[in-house]
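And the structure:
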């Protein structure tokens, strides 16, 4: 049995989120929360919330034991990009993208 939680359109690029998600893959939930709490990254705070939500879903919806939970899967997909323009010299404009991501965390019982 496994429980899942998602955060959609998070204002963090998927590659930066994947770096943090690699830290928690396969760990117990309490160890993963500790490592996320001390990771100095914007994505770490969002991933911590998603992990807490997945653990709460496992306990409430499926009656799983919190002490036996581990992170089975954690991944980040690309969401929609916001296209913006930055003014540069001589009246021109350069385009750039604000990337977003969909973060998914799946927990299961050992």
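Residue numbers (our numbering): 55 to 164.
All C-beta atoms in this analysis are idealised placements derived from N, C-alpha and C, irrespective of residue type, glycine included.
Q | Buried versus exposed call for residue 85 [16 or more other C-beta atoms within 10 Å across all chains shown] | A | Its Cβ having fewer than 16 others within 10 Å, residue 85 is exposed.
Q.
Short of 7 Å in beta carbon distance, which residues of its chain neighbour residue 122, apart from the five on each side in sequence? Order them along the chain.
A. The beta carbon of residue 122 sits closer than 7 Å to those of 163, 164, all from its chain and outside the five residues before and after it, given in chain order.
**Q.** Neighbour-count burial assignment, residue 155, 16 or more Cβ in a 10 Å radius
**A.** Looking at its Cβ environment, which holds 16 or more other Cβ atoms inside 10 Å, residue 155 is buried.
Q: Count the C-beta pairs between the region 100–108 and the region 145–154 that are closer than 8 Å, then say yes if the count reaches three, no if not.
A: Under the Cβ criterion (8 Å, minimum of three pairs), the region 100–108 does not count as touching the region 145–154.
Q: Check whether the Cβ atoms of residue 57 and residue 161 sit closer than 8 Å, and answer yes or no.
A: Yes.
**Q.** Whole-Å CB distance - residue 75 paired with residue 130, under 8 Å assumed
**A.** About 6 Å; that satisfies the 8 Å criterion.
Q | Identity of the residue in 120, 98, 144 nearest residue 67 by Cα | A | For residue 67, the closest alpha carbon among the candidates 120, 98, 144 is that of 98.
Q) Straight-line CA distance for residue 158 to residue 62? A) So the alpha carbons of these two residues sit roughly 9 Å apart.
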